[in-house]
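Residue numbers (my numbering), protein chains in the order written: chain A, 897 to 1191; chain B, 3 to 309; chain C, 785 to 1118. Where a beta carbon is used, it is the ideal one built from N, C-alpha and C, also for glycine.
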């Protein structure tokens, strides 16, 4: 009997059912749900769309150089000055941008969550030191850090990815730490400690799961941030380099042709804006559904 | 209060030192060097040049030299623009960057706060929808998309402003300022609106209304402070956003400011110039963060007390 | 409504007279009625308690009088204060009454004071605006009042900010602020609910004492019958937005006539009563707001329900001198 009571005490507020409840609330948000569907459509289009064409985004078609958008097969939106199909390039660029966006947010999120959870749970001097480090990194101008890091890692996709992740794990760390700190004082953590769980078990089984709502909300905000960073760097010529396409460098090359042909700028620009818009609406919807303080 | 500022300054100095040190070593550890691209130069000449810039010395000595230079307010010559010192380059670029950044932040704050307040006081009115639209567009459409579109429309199509450069005086800075301000207008108006709505719901505002001192007075002396505190807190991060944005803006509009210098310098491994601009940006950001904290502490006694 | 039968045989004209006061809220699900035709009179200097469970609409009566209803709320009926209908006033006209003739004390002292302004300036504000006092005079007046609500070292404390005060002290500041203008009417919305039990009595006594000194009438809204017993001359019991019973305080406690009042009193621990194994409870959950109900709002939980209780609305009528009750049982008995 006493064992039973203890295990009930140690069990955190049932996260599965609250999560389900929160997602049910989210599904009632029409704007957010529409964004989910549109985003899914864009993601699917980017990853499977190019297979419908008999060429890749790096193949030059010398019969059609700088062809305008005439909506005719096969170059629906025309080609660039090298005869590469614009639509296929934009879709392939989307693969890069979206992959970096979601993967980067995931990795930055995981690092931040673990760091924050440990700092908040351990507390004391270690927490002070860990948070001072975050504070100092926060004081850095973001651009400088990300540009320098991508140079340090030697350029290329992986370097870009590492640089972005390295600069964006701070916010989730701070948020999770605050959450973990308040959790660490709660009775069920005390009960878990009394029940003989190790610190590691408590962090992984109690602190992290109970931070999930906050993490999901802020994680959803990370995705557009990562995508924006990637395209920002690629636009400056530091990130993804030609001939590989990403939305950032497509927009950049569209910019140089804007006096004659806005199409090269508009197609990747509109797609990027749509994705960012969807992600923002989804993040808003998640916050409304998850954050009881906001209601 | 003095202790509060002193502590912030001390932390700021620490941050700046960490930033500069990290930048220095990251820069040196990154593959490539300032002269590695010029294949035409013979090895002896390259060695001579590197010796002239003390690049042959061990890293710690170079670092010491750099620190000594900072203390003497002399950042040395640029490795790319051989005839200019870093001080000169920064001095020539800073006025453009500061002008654009200053006006962008002023416009963003004024327009953003006005839109946000109008939206909060008249929910679902025309200004509220306007603010909502600006907010959505400003947050979803990055400046490197808006910028070229504005150039295409206002400069190429309508011919109102020059496409780029700074030869047309104030007129050539209008578009960069507007484009740079836009995302911040979006963010600030959203922030103001939500915090204003929250403050209006607070119990102490109800107390003030119950005192019958008039709506105007309730707004100015009981709502405004609380509603603007988060906005003021954003001014620090806003500086960072402006710095990030100005790098894009200066590239897009061909403004010879320090933002553009920085990207060029980083790509060309112009070590002294990178260090100089990092120092400047870092210092600016830290000063703004401290300023923000001080203003918040003046307005909110609770922040002052926790120190 | 023709059923308005004020029980007061007071000599003076009532200070405040609620006539068929209703408060409705527009909600996404439709309209809900929080206060449903409440009629009450209050004599100058009198202390009236309004008792009810949470959601009975008791606080909304006060908010309606002060023009402080939430933006989706709407008040109907009349609320005559010295013959002037408060509900018909514009915001600007209301501001000449609020804080001057009528003051209000709120439930949560922790959040009801402006955190960014010194306490003394919050006290002085009303005097400067309403009485045209100079800042220095108003502050001096404010410090004097803090002293009267027994804030130790008032002159120094006045310069502090609210977060430097304890909950009990903050509520005393609120009382000082409310009584500073010597209002004719003080509305108190659960003034002690958020406080420590040990401090509750102090704060209540202080409020009553100062009210007597300034000749201020008080409407005290609470769910705590102990508070009512301590302070009030007269009590109105509210349920589902309607007055169930109204009587002199002693009479109500000695001989509760309405089944709901009896249920409430049975649920209240008393010193003089023999040790019973457990306190009484009222079955069911309290009804809050809700749409138009044909019968008695309490019918669903009433143990003495008659057949027509769910279909016909009982009328609030005099059952004895100084006493009104809305119940078919009592109607049947008389």
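Per-residue burial, residue i [other beta carbons within 10 Å of its own, 16 or more giving buried]
i: residue 1155 of chain A; result: exposed
i: residue 73 of chain B; result: exposed
i: residue 300 of chain B; result: exposed
i: residue 976 of chain A; result: buried
i: residue 277 of chain B; result: buried
i: residue 898 of chain A; result: Interpretation of residue 898 of chain A is limited by its pLDDT of 36, a score under 50 that renders its predicted location unreliable; the figure taken from the coordinates is listed afterwards. The residue in question, residue 898 of chain A, is exposed, as its Cβ has fewer than 16 Cβ neighbours within 10 Å.
i: residue 1004 of chain C; result: buried
i: residue 320 of chain B; result: Past the edges of chain B, shown from 3 to 309, lies residue 320 of chain B, and the structure says nothing about it.
i: residue 1130 of chain A; result: buried
i: residue 171 of chain B; result: exposed
i: residue 926 of chain A; result: exposed
i: residue 243 of chain B; result: buried
i: residue 971 of chain C; result: buried
i: residue 984 of chain C; result: buried
i: residue 206 of chain B; result: buried
i: residue 104 of chain B; result: exposed
Length of the line joining the Cα atoms of residue i and residue j
i: residue 902 of chain A; j: residue 1168 of chain A; result: Per-residue confidence for residue 902 of chain A stands at a pLDDT of 36, beneath the threshold of 50, marking its modelled position as unreliable; the derived number appears in the next sentence. Distance between the alpha carbons of residue 902 of chain A and residue 1168 of chain A is about 51 angstroms.
i: residue 937 of chain C; j: residue 832 of chain C; result: 33 angstroms
i: residue 1090 of chain C; j: residue 956 of chain C; result: 47 angstroms
i: residue 1109 of chain A; j: residue 1102 of chain C; result: 57 angstroms
i: residue 1005 of chain A; j: residue 268 of chain B; result: 28 angstroms
i: residue 1127 of chain A; j: residue 997 of chain A; result: 10 angstroms
i: residue 88 of chain B; j: residue 264 of chain B; result: 11 angstroms
i: residue 1123 of chain C; j: residue 935 of chain C; result: What is shown of chain C runs 785 to 1118, which leaves residue 1123 of chain C out entirely.
i: residue 1088 of chain C; j: residue 825 of chain C; result: 29 angstroms
i: residue 912 of chain C; j: residue 1006 of chain C; result: 32 angstroms
i: residue 793 of chain C; j: residue 800 of chain C; result: Below a pLDDT of 50, predicted positions are generally treated as unreliable, and residue 793 of chain C, at 46, falls in that range; the measurement from the model is reported next regardless. Distance between the alpha carbons of residue 793 of chain C and residue 800 of chain C: 15 angstroms.
i: residue 902 of chain C; j: residue 916 of chain C; result: 20 angstroms
i: residue 906 of chain A; j: residue 1106 of chain A; result: Residue placement at residue 906 of chain A cannot be trusted, given a pLDDT of 41 that sits under 50; what the coordinates show is reported in the next sentence. Straight-line Cα distance between these residues: approximately 12 angstroms.
i: residue 275 of chain B; j: residue 282 of chain B; result: 11 angstroms
i: residue 1015 of chain A; j: residue 1115 of chain A; result: 19 angstroms
Continuous alpha helix (DSSP H) stretch holding residue i: start and end
i: residue 234 of chain B; result: 226-254
i: residue 215 of chain B; result: Premise fails: residue 215 of chain B is in no alpha helix (DSSP H) and is neither H nor E.
i: residue 1130 of chain A; result: 1108-1132
i: residue 902 of chain C; result: No alpha helix (DSSP H) holds residue 902 of chain C; DSSP gives it neither H nor E.
i: residue 1101 of chain C; result: Counting along the chain, residue 1101 of chain C falls outside any alpha helix (DSSP H), though it belongs to the beta strand (DSSP E) covering 1101-1104.
N-terminal and C-terminal residue of the beta strand (DSSP E) that residue i is part of
i: residue 1020 of chain C; result: 1018-1023
i: residue 857 of chain C; result: 857-865
i: residue 970 of chain C; result: 969-973
i: residue 1032 of chain C; result: 1026-1032
i: residue 737 of chain C; result: What is shown of chain C runs 785 to 1118, which leaves residue 737 of chain C out entirely.
i: residue 25 of chain B; result: Segment 4-31 is the alpha helix (DSSP H) holding residue 25 of chain B; no beta strand (DSSP E) there.
i: residue 194 of chain B; result: Where residue 194 of chain B is concerned, there is no enclosing beta strand (DSSP E), although the alpha helix (DSSP H) it sits in stretches over 173-202.
Cβ-based neighbour list, residue i, same chain, cut-off 6 angstroms, excluding 5 preceding and 5 following
i: residue 848 of chain C; result: 807, 859
i: residue 1044 of chain C; result: 1023, 1028, 1082
i: residue 929 of chain C; result: 960, 964
i: residue 1052 of chain C; result: 1009
Same chain, Cβ closer than 7 angstroms to residue i, neighbours up to 5 away in sequence not counted
i: residue 1041 of chain C; result: 1029, 1103, 1109, 1114
i: residue 83 of chain B; result: 91
i: residue 1021 of chain A; result: none
i: residue 1059 of chain A; result: 1042, 1045, 1046, 1049
i: residue 962 of chain C; result: 887, 888, 889, 970
Residue i and residue j closer than 9 angstroms at C-beta
i: residue 28 of chain B; j: residue 1048 of chain A; result: yes
i: residue 1098 of chain C; j: residue 1079 of chain C; result: yes
i: residue 863 of chain C; j: residue 844 of chain C; result: no
i: residue 973 of chain C; j: residue 888 of chain C; result: yes
i: residue 1000 of chain A; j: residue 1036 of chain A; result: no
i: residue 1002 of chain A; j: residue 1067 of chain A; result: no
i: residue 152 of chain B; j: residue 181 of chain B; result: yes
i: residue 952 of chain C; j: residue 931 of chain C; result: no
i: residue 1142 of chain A; j: residue 1046 of chain A; result: no
i: residue 989 of chain A; j: residue 1176 of chain A; result: no
i: residue 147 of chain B; j: residue 1135 of chain A; result: no
Contact set for residue i: own chain, Cβ-Cβ below 8 angstroms, skip 5 residues either direction
i: residue 1172 of chain A; result: 1120, 1123, 1124
i: residue 306 of chain B; result: 3, 6, 299, 300
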